[in-house]
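Below is one structure; the comments refer to it alone.
Numbering (this note's numbering), first residue to last: 11 to 93.
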């Protein structure tokens, strides 16, 4: 596992009412949710980044307003037409 260090203003943690460990967990989840939403990573990879099971990650997506489905209407129509 890679360990990274970031500098964060103390006010950011206080604003979210998080201790450093809680803030780090929330940051990982937020990043994973956004990358998943942008279709840059799979559900499994996003869950791994977030440090959650796949089920827990899918449950958490609602907090960020992200759908667990990566299909939009155009994808469904294209798939229905066979390609």
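Note that CB positions come from ideal geometry on N, CA and C, so glycine has one too.
Exercise for the section: Please state whether DSSP places residue 12 in a helix, a strand or coil. Expected result: coil
Handout entry: Simplified DSSP assignment, three categories, for residue 81
Key = coil
Problem - Reference residue 45; option with closest CA among 34, 13 and 59 - result: 59
Problem - residue 68, enclosing alpha helix (DSSP H) - first and last residue - result: 64-71
Problem - With 16 other Cβ atoms within 10 Å as the buried cut-off, status of residue 74 - result: exposed
Handout entry: Cβ-based neighbour list, residue 38, same chain, cut-off 8 Å, excluding 5 preceding and 5 following
Key = 59, 60 and 61
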